[in-house]
Each structure stands twice: as structure tokens, then as C-alpha cells.
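To keep things clear, I will list the structure first and then write my remarks on it.
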Amino acid sequence: MNKYFSLLSKIHIHPIFWVLIAIGAMTAQFKALCILFSIVFIHEMGHAVCASFFSWRIKSIQLLPFGGAVEMEEHGNRPLKEDLFVVISGPIQHLWMQIAAWIFWEANFINDSTYEMFIFFNMSIFLFNLLPIWPLDGGKLLFILLSKQKPFSVAHKEMLRISAVVFSCLFLFLLFFNPTLLSGWIIAAFIVHSIYTEYKQRQFVYIRFLMERYYGNHQAFTVLKPIIVDRDDLIYHVLLKFQRGCKHPIIVEDDGKKLFQLDENELLHSFFSEKKTDRKMGDLQYVY
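First residue of the sequence shown? That's 36 in our numbering, and the numbers climb one at a time after it.
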């Protein structure tokens with residue numbers, strides 16, 4: 036139980052939220068701010084409690100006006116099923132909050148205006164977070180879906196590409212139908228910054244995924260997926276073919292004929308421990 040209470044010490048309010056709080060204070064919207072903060076807090080704690088249940092390493096919990104972000108140190112190396120549960124545990128909180136609000140309204144514990152305000156914020160955050168845009172929950176669900184069929188690096192790149200396309204459509208909608216919505220522009224700026232930063236750091240994201248796979252807690256893989264490569268392929272390019280949730284025997288060929296086979300840990304050891312970052316697969320033939 037203590038590990039769940041310790042999550043409270045990891046909570047940080049994002050500067051964007053402080054900006055909206057200031058705007059709300061200047062416009063006498065204290066009730067709206069309290070409702071918004073409560074919804075976001077419960078949403079993010081849903082993610083955090085589920086991650087803590089699976090013993091994930093939680094670095095921080097950022098509260099944002101439209102959801103938030105729980106920063107983990109797993110780097111894509113936990114089972115996809117666990118990842119799915121952690122992601123959906125945020126949006127699912129909105130369902131019971133909706134029911135609870137209706138019960139309070141029916142019991143006359145809250146008036147009509149408060150109930151309508153809660154419903155608006157609750158459903159807006161719920162639906163907005165399910166958009167397939169990074170770093171929203173919908174973007175993370177998209178990443179999980181792509182990761183089931185594609186290597187980590189490919190899934191990550193395609194997720195960012197789809198995020199950019201969907202956000203562009205959303206941006207045009209905002210531009211033409213509600214260009215004076217200040218909170219919308221603040222959120223849009225945050226999303227642009229998040230997508231750009233994630234794209235700019237994509238090589239670091241891939242390396243971090245591989246490092247955690249080599250140095251971190253090793254999970255029991257249930258899927259064996261061989262990777263067939265040519266002896267002239269660079270080690271790094273082969274590592275980029277690694278897929279989440281799969282164990283990879285590496286089969287090295289020359290003109291279609293098998294030369295030798297490596298375990299993925301041997302390849303990771305060559306890259307990280309032996310610093311063979313620019314070597315070809317054929318150079319490992321007599322090493323292991």
C-alpha cells in the first residue's frame with residue numbers, strides 16, 4: 036500500500052496547467068479549475084496506480100490540462116499487454132466518474148450547472164485523449180497496435196507520422212472554426228513541441244529501448260521471431276529490426292545460404308559492451 040501512496044510525491048503540475056490556472060483565476064472560474072484539476076488528477080493516478088501494480092519504475096507524474104503524462108523508465112520493454120493496461124487505465128477512470136457524477140446529481144448533492152460542467156470537462160478530456168496523437172493516450176494505443184506487427188523503430192516512426200497528420204487536421208479545424216480559443220492554442224503548442232521533440236530524439240529513443248533490453252530487467256518472451264540478415268548488414272541496422280515482445284535469433288546469410296546464428300543478447304553485447312557500433316554482421320562469425 037505504501038508504494039501507491041508514494042506516487043503522490045512524484046506529482047508535478049506542468050507549466051501549461053499553471054497558465055490555464057492563471058487564466059481561470061483572472062476570469063473567476065475557480066469552480067471550473069477545481070473540477071478540471073480533479074478529473075486530470077484521477078486520470079493520471081489511474082495510469083500511475085496500474086503501472087505501480089505491475090512494478091514499473093515511475094519517474095514522475097505530470098498533470099496537464101487535457102490529461103497528463105506519467106514518465107516511466109521501462110522504455111518499451113515491458114509486455115505489450117501490461118503496456119495496454121497502463122494506457123487504458125487512465126481513460127477508464129472517466130467512465131466511473133461519469134456514473135458517480137450522475138448519482139450525485141440525482142441525489143441533489145450537486146446542482147445542474149455543476150453537473151453539466153463536470154460532464155463537459157470529463158467527456159472532453161476522455162475523447163480528446165483518445166485521439167491518435169502523441170503523447171495522448173490514443174497515440175500510445177496506436178504505438179502499441181503498430182508494435183504488435185512492426186519493429187520498435189518502424190512502429191515509433193509511423194506513430195509519429197500518423198500523429199502529425201491527425202494533428203494537422205485538428206489544427207486546421209481549430210484555425211477555421213475557433214481561432215480565438217486561447218486554451219486550444221496552448222494545447223496545440225504543447226502537442227507540436229511533443230511530436231517534434233520525440234521525432235528529433237528518435238535515435239536516442241531507439242538506443243534507449245535497446246539498452247534497456249540488454250541491461251534492464253529481462254522479461255520472458257513468448258514469441259520467437261528470427262531475423263534473417265546479410266553478412267554485410269551493419270549491426271546497428273539489424274538492431275533496429277528488434278520488435279517488442281519478441282525474442283530474436285539472428286540468422287546471418289551470404290547469398291541466401293546460412294553462415295551462422297546468434298542469440299540477440301550476443302548481438303547486443305557486441306554493440307554495447309564491445310563497442311562494435313560500426314561493424315558488419317559478418318565480422319561476428321568467429322567471435323561467438
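Ideal placement from N, C-alpha and C gives every residue a C-beta, glycine not left out.
Would you mind sorting V122 into buried or exposed? The rule is 16 or more other CB atoms within 10 Å of its CB. As a position in the sequence shown, residue 122 is number 87, starting the count at 1. V122 comes out buried.
Short of 6 Å in beta carbon distance, which residues of its chain neighbour S188, apart from the five on each side in sequence? Order them along the chain. As a first step, residue 188 is located in the sequence shown; it is residue number 153 there, counting from the start. Cβ within range, chain order: Y241 and L275.
So does the segment 134 to 149 actually touch the segment 112 to 122, counting three or more Cβ pairs closer than 8 Å? no
Could you tell me the distance, in whole angstroms, from the CA atom of H228 to the CA atom of V201? Residue mapping note: residue 228 aligns to position 193 of the sequence shown, counting from 1. Residue mapping note: residue 201 aligns to position 166 of the sequence shown, counting from 1. So the alpha carbons of these two residues sit roughly 15 Å apart.
Go through its chain and collect everything with a Cβ distance to G280's Cβ below 8 Å, but skip five positions before and after it. As a working note, residue 280 is residue 245 in the sequence shown. Same-chain partners within the cutoff: P114, L115, S182, K183, F256, T257 and V258.
Backbone secondary structure at K94 - three-state DSSP: By one-based count along the sequence shown, residue 94 stands at place 59. Strand at K94.
Rounded C-alpha distance that separates E117 from G81: To locate residue 117, count along the sequence shown from 1; it is residue 82. To locate residue 81, count along the sequence shown from 1; it is residue 46. C-alpha separation (whole angstroms): 14 Å.
Expressed to the nearest angstrom, what Euclidean distance is found between the alpha-carbon atoms of G173 and I160? Position 138 of the sequence shown holds residue 173. Position 125 of the sequence shown holds residue 160. Those two C-alpha atoms are separated by around 12 Å.
Any heavy atom of the ligand COA closer than 7 Å to the Cβ of T312? By its list of ligands, the structure shown contains no ligand whatsoever, and the ligand COA lies outside what it can speak to.
In the structure shown, what three-state DSSP assignment does I168 receive? Position 133 of the sequence shown holds residue 168. DSSP places I168 in coil when its eight states are reduced to three.
Any 3 or more C-beta pairs closer than 8 Å across the segment 305 to 315 and the segment 261 to 277: yes
Assuming I145 is part of the beta strand (DSSP E), what are its boundary residues? Reading the sequence shown from its first residue, position 110 is the one you call residue 145. Note, I145: premise wrong, no beta strand (DSSP E); not H, not E.
Count Cβ pairs between the segment 125 to 139 and the segment 65 to 84 that sit closer than 8 Å; are there 3 or more? yes
Starting from the Cα of L207, find the closest Cα among W220, M246 and Q64 and give me that residue. As a working mapping, residue 207 is identified with position 172 in the sequence shown. It is W220.
So, at 6 Å on beta carbons, what are the nonlocal neighbours of G317 in its own chain, with the 5 sequence-adjacent residues on each side left out? For the purposes of this step, residue 317 is identified with residue 282 of the sequence shown, where counting begins at 1. If we look at G317 and ignore the five residues flanking it on each side, its Cβ neighbours are R266.
My understanding is that M107 touches W131, with C-beta atoms under 8 Å, so please give their C-beta distance in whole angstroms. The residue labelled residue 107 in the question sits at position 72 within the sequence shown. The residue labelled residue 131 in the question sits at position 96 within the sequence shown. The pair is not a contact, with the Cβ atoms about 24 Å apart (cut-off 8 Å).
Of all the options D290, S73 and K175, which has the alpha carbon lying nearest to the alpha carbon of I263? For the purposes of this step, residue 263 is taken as residue 228 along the sequence shown, with counting starting at 1. Minimum Cα distance to I263 is reached at D290.
Could you compute how far the alpha carbon of S218 sits from the alpha carbon of N300? Position 183 of the sequence shown, counting from 1, holds the residue named residue 218. Position 265 of the sequence shown, counting from 1, holds the residue named residue 300. Straight-line Cα distance between these residues: approximately 48 Å.
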